[in-house]
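S.K.:
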Amino acid sequence: MTNTAIRPFHVAIPVHDVQLARVFYRDILLCEEGRSSEQWVDFNLYGHQFVIHYKPKSDDTENHHNAVDGHAVPVPHYGVVLSWEEWESLAERLKDYGTEFVIEPYTRFKGQVGEQATMFFLDPCGNALEFKAFKDISQLFAK
1368 MTNTAIRPFH
1378 VAIPVHDVQL
1388 ARVFYRDILL
1398 CEEGRSSEQW
1408 VDFNLYGHQF
1418 VIHYKPKSDD
1428 TENHHNAVDG
1438 HAVPVPHYGV
1448 VLSWEEWESL
1458 AERLKDYGTE
1468 FVIEPYTRFK
1478 GQVGEQATMF
1488 FLDPCGNALE
1498 FKAFKDISQL
1508 FAK
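Residue numbers (the working numbering): 1368 to 1510.
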């Protein structure tokens, strides 16, 4: 599908503690809060509609991992492709906050097609996030 206009996506994820997740997305990731109830909260995640929904904690919270570039990438995961400067700023903010990274910020596929900065971390409810950046955004879908 070819489309030059980026449209906002909508994604809703489960959280076992709405208030804890609300603080993380609002105060650490700096997402503007939208509508909410006791069971869910809408956020603006870099222009996308991102919603946390309460779901009781279960025993089956372990993520699957796939090997990518020598790292165990958690599946499922979600995130946003940022500008290089936004990515660097977020990485520093997360480090200053004391975030425990699943995969520390680094440059993946260095010198190859699709070279990108990436980092993985978990929200307070165990959801895996990946934020990445390309110095050349035209490499986003390059083979």
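All C-beta atoms in this analysis are idealised placements derived from N, C-alpha and C, irrespective of residue type, glycine included. For clarity, every value in this text was computed on a predicted model and none was experimentally measured.
Considering Cα atoms alone, identify which of Trp1451, Glu1453 and Pro1491 is closest to Gly1465.
M.R.: Within the sequence shown, residue 1465 is the residue found at index 98, counting from 1. Residue Pro1491 is the option with its Cα nearest to Gly1465.
S.K.: Quick check: the stretch 1434-1442 against the stretch 1397-1413, are at least 3 beta-carbon pairs closer than 8 Å?
M.R.: The stretch 1397-1413 vs the stretch 1434-1442: no contact.
S.K.: Pro1472: buried (16+ other C-beta within 10 angstroms of its C-beta) or exposed?
M.R.: Within the sequence shown, the letter at position 105 stands for residue 1472. With 16 or more other Cβ atoms within 10 Å, it is buried.
S.K.: Quick one: what does DSSP say Arg1460 is sitting in, helix, strand or coil?
M.R.: By 1-based counting over the sequence shown, the position of residue 1460 is 93. Arg1460 falls in the helix class under three-state DSSP.
S.K.: For the 8 Å Cβ check, are there 3 or more pairs between the stretch 1418-1433 and the stretch 1474-1487?
M.R.: Short answer: they don't touch.
S.K.: Thinking C-beta only, is Tyr1421 closer than 7 Å to Val1390?
M.R.: Looking up residue 1390 in the sequence shown gives position 23. Looking up residue 1421 in the sequence shown gives position 54. Not a contact, by the Cβ cut-off of 7 Å.
S.K.: State the beta-bridge partners of Phe1498 as determined by DSSP.
M.R.: For the purposes of this step, residue 1498 is identified with residue 131 of the sequence shown, where counting begins at 1. Beta-bridge pairing links Phe1498 to Met1486.
S.K.: Mind checking who Pro1381 pairs with in its DSSP beta bridge?
M.R.: As a first step, residue 1381 must be located in the sequence shown, where it is residue number 14. Pro1381 is bridged to His1420.
S.K.: Find the nearest neighbour of Gly1481 within the set Lys1510, Phe1376, Gly1414 and Glu1405, judged by alpha-carbon distance.
M.R.: Along the sequence shown, read from residue 1 onward, the residue named residue 1481 stands at position 114. Comparing Cα-Cα distances from Gly1481 to each of Lys1510, Phe1376, Gly1414 and Glu1405, the minimum goes to Lys1510.
S.K.: What are the boundary residues of the beta strand (DSSP E) that Val1442 is part of?
M.R.: Taking the sequence shown and counting its residues from 1, one reaches residue 1442 at position 75. Here the beta strand (DSSP E) through Val1442 covers His1438 to Val1442.
S.K.: Reducing DSSP to helix, strand and coil, say where Phe1508 ends up.
M.R.: Translated into positions along the sequence shown, residue 1508 becomes position 141. Phe1508: coil per DSSP, three-state reduction.
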